[in-house]
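In case it helps, the working numbering puts the sequence shown at residues 4 to 340.
Taking it in order: structure first as structure tokens, then the write-up.
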Amino acid sequence: MKRHITLGEFIIENQKDFPYAKGELSALLSSIRLAGKMVNQGINKAGLAEIVGAAGGENVQGEDQQKLDVIANDMFISTLRKRGEICGLASEEMEDHIVFDDAIHSDAKYVVLIDPLDGSSNIDVNVSVGTIFSIYRRVSEPGSPATLEDFLQPGNKQIAAGYLVYGTSTMLVYTTGNGVNAFTYDPGIGSFFLSHPNMKVKENGKIYSINEGNYVHMPEGVKRYIKWCQELDPATNRPLTSRYIGSLVADFHRNLLKGGIYIYPQGTTAPNGKLRLLYECNPMAYLIEQAGGKASDGKTRIMDIDPTELHQRVPFFCGSSEMVDKAEWFLKEYPSD
Ligand code: AHM
Ligand code: MG
């Protein structure tokens, strides 16, 4: 009989991978799991907003209601603040990082960066969205308040990263540097169960995911790569398949399972693309590398980029390694000036 393993059990069992850890990281992952469940509940009720009043616009008392991305942000902050595992947090929703500098937090070793609700424009149309998180060990002295430098670390310093995808099922996918594991949420019980152990992405997939509406703005190398994807593959007599949801988490998740490449390139109107290095690209890069894939900005490994600001954007090429290699080849062969 197949053994059912909950996320809670898995976190505890894997604590032994960190011989010097005192359990703070395990506790932190549990806090993220809890906040994720709360956000999941809010998202499931999003369609009822107009009827019973939940998000956006005014509520029945005529008070302004918060949008779900703001609610998700608040839920993560308050859940993580109530525990003592992190000394600060930075979020895509907030201009600056926040410091938890009271007695229980300032001794904490970790900081968290989150995109609390990625792809939030999809909520109104009942399409999958997600939460992305990334955990670093602080570089400042424990006992003092967290500093900006604690957050501006390259992705190769990540201790853990993952996402929740609020899709047909809600799933939590994460890595602590020992492979990628995914857990599917059973809402009746309120637990995540290990459903996809040790995930690996195909070296070469059949899906390319990019907003082709921006074609006119794209660098020549990306245009050529897209045209190459649309040519007949002699092995199958078919071109590659184009799939683009417009929620990074959902597009990434599908490509992780099926094999593919996700691209958000630089463009004439967005010289560094749209996606954020710290909140979106680094955690996804860590996951895809742990699954055997690759992530770059077209030239440089994403996790080797030294961040200079919290909301820094970078072009993003992420997925099956041979596909990312091919896209990089086109960018090199057809440079834009
Ligand atoms: P957000 O963090 O404001 O939601 O923006 C990020 C999202 C990604 O989830 C998605 O892949 C991308 O923006 C879609 O952008 P576009 O509509 O330009 O294709
Ligand atoms: Mg986002």
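In this text, a Cβ means the ideal position worked out from N, Cα and C, and glycines have one as well.
Are the CB atoms of residue i and residue j nearer to each other than 8 Å?
i	j	result
F196	G165	no
P157	D309	yes
V168	A294	no
G270	H314	no
G45	A75	yes
G146	D121	no
Y282	D99	no
E95	R279	yes
V204	L259	yes
I264	G301	no
K277	R316	yes
T178	A163	yes
G262	N207	yes
D127	Y139	no
S212	I266	yes
R84	L175	no
Which class does residue i belong to by DSSP, given the choice of helix, strand or coil?
i	result
Y228	helix
L151	helix
L197	strand
Q18	helix
L120	strand
Q161	strand
S143	coil
Q68	In this predicted model, Q68 has a pLDDT of only 48, less than 50, meaning its place in the structure is not dependable; the value taken from the coordinates is given anyway. In the structure shown, Q68 sits in coil (DSSP, three-state: anything other than H, G, I, E or B).
G56	With a pLDDT of only 44 at G56, under the threshold of 50, the placement of this residue in the model should not be trusted; the figure read from the coordinates follows. Three-state DSSP puts G56 in coil, outside helix and strand.
T239	coil
V63	With a pLDDT of 43 at V63, under the threshold of 50, the modelled position of that residue is not reliable, and the figure given next carries that caveat. In the structure shown, V63 sits in coil (DSSP, three-state: anything other than H, G, I, E or B).
A273	coil
A298	strand
S324	helix
I254	A quick correction: the sequence has Asp, not Ile, at residue 254. In this structure, D254 counts as helix in the three-state DSSP scheme.
I305	helix
Please work out which residues of its chain come closer than 6 Å, Cβ to Cβ, to residue i, disregarding the five sequence neighbours upstream and downstream, and give them in chain order.
i	result
Q233	P242
V102	G91, P148 and A149
V183	M202, L290, Q293 and A294
F79	A38, I117 and P119
C284	L278, I305, V317 and F319
A298	A288, I291, I305 and C321
S172	T187
Name the DSSP bridge partner or partners of residue i?
i	result
L31	Looking at the DSSP assignment, L31 forms no beta bridge with any residue, so it has no partner.
L92	I101 and V115
V132	Y169
T178	A164 and V183
F319	Y267
Leaving aside the five residues before and after residue i along the sequence, list all residues of the same chain whose C-beta is less than 7 Å from its C-beta, in chain order.
i	result
W332	none
Y337	E223, G224 and R227
E88	E27, A30, L31, S34, A111 and Y113
V73	E96
Tell me which same chain residues have a C-beta within less than 8 Å of the C-beta of residue i, skipping the five on either side of it?
i	result
G249	G122, S124, N125, V130 and N214
Could you tell me whether the Cβ of residue i comes closer than 8 Å to any Cβ of chain C?
i	result
V176	Considering every chain present, this structure includes no chain C. It has just one protein chain.
Within 6 Å of ligand 2: residues by beta-carbon to any heavy atom: E95, D118, D121 and E283
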